[in-house]
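Colleague: Please see the structure below; I have some questions.
Here you go:
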């Protein structure tokens with residue numbers, strides 16, 4: 002081996018070992034765990050696909066899985082509109098340098114930097130039925146009938162958390178879209194202005210197609226993020242996805258199944274690992290399809 | 002019909018004045034070239050006419066209609082950009098159809114206009130290609146085609162040749178001249194290259210630091226430049242300016258002899274402008290002329306340019322026959338072809354007549 006080769010090897014080995022030990026090994030072992038029966042922390046017999054069968058087809062796991070998955074789908078589509086859609090509009094407004102753009106560029110991105118715990122706690126306070134700022138404001142403008150126990154009823158709890166998430170992360174797609182828009186040569190924009198004054202045509206026919214690479218990134222990351230969603234529902238809805246599982250998502254459900262929760266205390270690594278493997282495969286497959294599909298419509302500037 | 006009238010146009014960016022009051026009339030079917038050094042405001046003026054930037058002060062009329070507040074897409078003006086600015090995600094056909102459709106033309110009308118433009122610009126085999134699959138010259142033709150399809154009253158071209166290599170440049174220049182003859186619209190063309198300006202223009206507008214120095218036909222600018230800026234900007238190699246004092250009927254250079262140039266304007270001090278054609282060189286140190294020493298010679302095949310330094314340090318250029326070569330440091334005497342010199346005021350550089 003040449004001296005250069007030795008150097009490269011020496012530099013690559015430590016991070017490679019780190020990745021192998023803390024990322025590759027846990028993933029593979031989770032795969033393996035999913036095929037065994039578990040008694041607490043003690044591994045039991047090899048049970049083949051039994052765990053997968055249980056979480057997908059045996060009650061009550063079946064309803065729980067379906068409920069959590071359904072909620073994840075709602076979260077994904079809601080955030081697609083509230084986070085990515087709004088992010089695109091905000092990016093466009095910032096890019097066109099509307100008055101106050103400099104201030105808002107920072108203001109929009111600032112919540113992204115905040116700790117998720119802080120955001121969750123703040124919004125929990127905002128949504129408080131009696132002295133939360135949301136209800137106080139509603140009562141203040143005479144909309145008493147709209148004041149709700151936002152996190153306390155099945156109909157509004159998930160949406161309330163989604164809105165907190167959208168507020169928290171909207172700066173990220175904004176930033177990515179803004180970067181994409183800033184790459185569009187200014188003369189192309191001038192050329193469009195010579196042909197139309199309609200903002201709608203400019204956005205749909207020119208800007209949107211030209212920020213396709215940004216869209217690929219934020220769509221894929223949102224998909225992965227929405228199906229791995231955990232922190233906000235955990236802090237705002239609790240480990241059981243209260244009330245009545247209305248804020249339950251796959252992340253919470255997996256955690257509860259694998260490690261148990263305070264009230265039930267029952268834990269099952271086998272079922273939890275089976276769930277984790279299913280989530281992993283689902284995300285990897287769909288994210289792969291999304292990426293290849295969206296890549297195809299990207300244009301080299 | 003397209004007549005443009007610019008009245009007292011000023012442009013200010015924050016506190017910097019870029020254009021200081023431009024007055025200009027452009028007639029129908031004219032080919033007008035704005036020429037000037039970088040930063041003289043010629044591109045800014047073009048963008049004001051296009052409507053891409055707002056006019057700070059003054060008025061712009063197109064066919065007697067005030068255009069200051071009319072958005073670019075409604076001015077009946079099309080622009081060809083320096084970088085061509087083709088839409089990268091659309092093929093050539095779509096690039097040309099985009100603007101035409103937005104004008105509300107019928108599908109058949111759009112198709113026939115594109116077919117016509119494609120034939121005129123030899124774009125037929127390229128219609129399905131994306132801009133990145135085209136060469137620079139082809140992109141240029143698509144950009145012109147996109148403007149043509151809209152059948153505008155006024156074409157604006159912003160340094161359209163600057164991204165092409167030298168060989169292609171003269172070819173496209175010819176095409177643009179031919180295009181103007183064929184379609185007959187009013188064209189405004191911005192360049193910093195005086196050769197492009199001289200070869201294309203009906204009317205040249207020479208600009209410098211936000212002001213118009215002179216407006217005229219290429220011939221007027223060359224033969225009767227209004228001031229020293231225009232005199233040195235138009236023509237290659239550039240005109241030599243020599244500070245001279247009146248000595249009877251002759252003009253004298255400080256410690257460098259004197260020369261007769263024909264009729265001279267009545268001023269004690271002036272700037273003598275000499276194009277290379279007006280200068281005659283004689284070998285050796287003579288008494289009848291300005292003494293100078295040769296710096297170097299440019300041999301160009303069909304003629305040669307000799308650069309020599311006068312006694313006051315001015316570098317003068319002279320055109321000579323190609324076989325009439327001078328060695329560096331050779332002493333020469335400069336005389337002037339009678340009646341071919343230009344005279345400018347020593348104070349403000351304006352043209353003086355005899």
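Chains as they are written, first to last, in my numbering: chain A, 2 to 302; chain B, 2 to 355.
We put the beta carbon where it would ideally sit given N, CA and C, even for glycine.
Measuring straight from C-alpha to C-alpha, what distance separates residue 74 (chain B) and residue 30 (chain B)?
Modeller: What you label residue 74 (chain B) is simply residue 73 of the second chain in a count that begins at 1. What you label residue 30 (chain B) is simply residue 29 of the second chain in a count that begins at 1. Between residue 74 (chain B) and residue 30 (chain B), the C-alpha separation is close to 21 Å.
Colleague: I want to know whether the region 288-304 of chain B touches the region 324-332 of chain B - three or more CB-CB distances under 8 Å.
Modeller: Touching, per the Cβ criterion.
Colleague: Should residue 336 (chain B) and residue 281 (chain B) be called a contact, given that it needs their Cβ atoms to be closer than 8 Å?
Modeller: Translated into positions along the second chain, residue 336 (chain B) becomes position 335. Translated into positions along the second chain, residue 281 (chain B) becomes position 280. In this structure, residue 281 (chain B) lies closer than 8 Å to residue 336 (chain B) by Cβ.
Colleague: Out of B:174, B:164, B:181 and B:129, point me to the one whose CA is closest to residue 154 (chain B)'s CA.
Modeller: The residue you call residue 154 (chain B) lines up with position 153 of the second chain. Closest by alpha carbon: B:181.
Colleague: Taking any Cβ of chain B, which residues in the region 195-207 of chain A have a Cβ under 9 Å from it, in chain order?
Modeller: Against chain B - using a Cβ distance shorter than 9 Å - the residues of the region 195-207 of chain A are 195, 196, 197, 198, 199, 202, 206 and 207.
Colleague: May I ask you to list the residues that DSSP assigns as paired with residue 343 (chain B)?
Modeller: Walking along the second chain from the start, residue 343 (chain B) turns up at place 342. Paired residue(s): B:274.
Colleague: I need the DSSP call for residue 274 (chain A), collapsed to helix, strand or coil.
Modeller: Stepping through the first chain from its first residue, residue 274 (chain A) is reached at position 273. Helix, per DSSP.
Colleague: Measure the alpha-carbon distance for residue 26 (chain A) versus residue 43 (chain A) and round it to whole angstroms.
Modeller: Taking the first chain and counting its residues from 1, the one referred to as residue 26 (chain A) is at position 25. Taking the first chain and counting its residues from 1, the one referred to as residue 43 (chain A) is at position 42. Looking at the two C-alpha atoms, the distance is approximately 19 Å.
Colleague: Is the CB of residue 39 (chain B) under 8 Å away from at least one CB in chain A?
Modeller: Here the question's residue 39 (chain B) lines up with position 38 in the second chain. No, no contact with chain A.
Colleague: So, with DSSP's three-state summary, where would you put residue 55 (chain A)?
Modeller: Position 54 of the first chain, counting from 1, holds the residue named residue 55 (chain A). Helix at residue 55 (chain A).
Colleague: What do you get for residue 18 (chain A), buried or exposed, if any count of 16 or more other CB atoms within 10 angstroms of its CB means buried?
Modeller: Here residue 18 (chain A) refers to the residue found at position 17 when the first chain is read from its first residue. The residue is exposed, with fewer than 16 neighbouring Cβ atoms inside 10 Å.
Colleague: Considering only the beta carbon of each residue, do residue 38 (chain A) and residue 239 (chain A) sit closer than 8 Å?
Modeller: As a position in the first chain, residue 38 (chain A) is number 37, starting the count at 1. As a position in the first chain, residue 239 (chain A) is number 238, starting the count at 1. In this structure, residue 239 (chain A) does not lie closer than 8 Å to residue 38 (chain A) by Cβ.
Colleague: Thinking C-alpha only, which one of A:259, A:10, A:269 and A:236 is nearest residue 126 (chain A)?
Modeller: One-based indexing of the first chain puts residue 126 (chain A) at position 125. Nearest of A:259, A:10, A:269 and A:236 to residue 126 (chain A), Cα basis: A:236.
Colleague: Do residue 346 (chain B) and residue 271 (chain B) have their beta-carbon atoms positioned less than 8 Å apart in this structure?
Modeller: By 1-based counting over the second chain, the position of residue 271 (chain B) is 270. By 1-based counting over the second chain, the position of residue 346 (chain B) is 345. Result yes, Cβ atoms of residue 271 (chain B) and residue 346 (chain B) sit closer than 8 Å.
Colleague: Figure out for me which residue from A:77, A:7, A:292 and A:29 has the closest Cα to the Cα of residue 274 (chain A).
Modeller: Locating residue 274 (chain A) in the first chain gives position 273, where the first residue counts as 1. The candidate whose alpha carbon is nearest that of residue 274 (chain A) is A:29.
Colleague: Classify residue 37 (chain B) as helix, strand or coil using the three-state DSSP reduction.
Modeller: In the second chain, residue 37 (chain B) corresponds to position 36, counting from 1. Residue 37 (chain B): coil per DSSP, three-state reduction.
Colleague: Against chain B, with Cβ distances strictly below 8 Å, would residue 244 (chain A) count as a contact?
Modeller: In the first chain, the residue the question calls residue 244 (chain A) occupies position 243. Residue 244 (chain A) does not count as touching chain B.
Colleague: Using the beta-carbon of each residue, which ones in chain B are nearer than 9 Å to residue 211 (chain A)?
Modeller: Along the first chain, read from residue 1 onward, the residue named residue 211 (chain A) stands at position 210. The answer, in chain order, is 88, 89 and 90.
Colleague: Could you name the residues that DSSP lists as bridge partners for residue 209 (chain B)?
Modeller: Numbered from its first residue, the second chain carries residue 209 (chain B) at position 208. Partner(s): B:212.
Colleague: Flag this pair as yes or no: are the beta carbons of residue 313 (chain B) and residue 261 (chain B) separated by less than 8 Å?
Modeller: Here residue 313 (chain B) refers to the residue found at position 312 when the second chain is read from its first residue. Here residue 261 (chain B) refers to the residue found at position 260 when the second chain is read from its first residue. No.
Colleague: So is residue 99 (chain B) buried or exposed if we call it buried at 16+ other beta carbons inside 10 Å?
Modeller: Counting from 1 along the second chain, the entry for residue 99 (chain B) is found at position 98. So residue 99 (chain B) ends up on the buried side.
Colleague: Taking DSSP as the reference, what is the three-state secondary structure of residue 228 (chain B)?
Modeller: In the second chain, the residue the question calls residue 228 (chain B) occupies position 227. Here residue 228 (chain B) sits in strand by DSSP.
Colleague: The alpha helix (DSSP H) spanning residue 45 (chain A) covers which residue range?
Modeller: By one-based count along the first chain, residue 45 (chain A) stands at place 44. Here residue 45 (chain A) belongs to no alpha helix (DSSP H); instead the beta strand (DSSP E) covers 43-47.
Colleague: Residues of chain A with a CB under 8 Å from the CB of residue 84 (chain B): which are they?
Modeller: Your numbering for residue 84 (chain B) matches position 83 in the second chain. Chain A residues near residue 84 (chain B): 186 and 188.
Colleague: Residue 65 (chain A): buried (16+ other C-beta within 10 angstroms of its C-beta) or exposed?
Modeller: For the purposes of this step, residue 65 (chain A) is identified with residue 64 of the first chain, where counting begins at 1. Buried is the call here.
Colleague: DSSP three-state label for residue 327 (chain B), please.
Modeller: In the second chain, residue 327 (chain B) corresponds to position 326, counting from 1. Three-state DSSP puts residue 327 (chain B) in coil, outside helix and strand.
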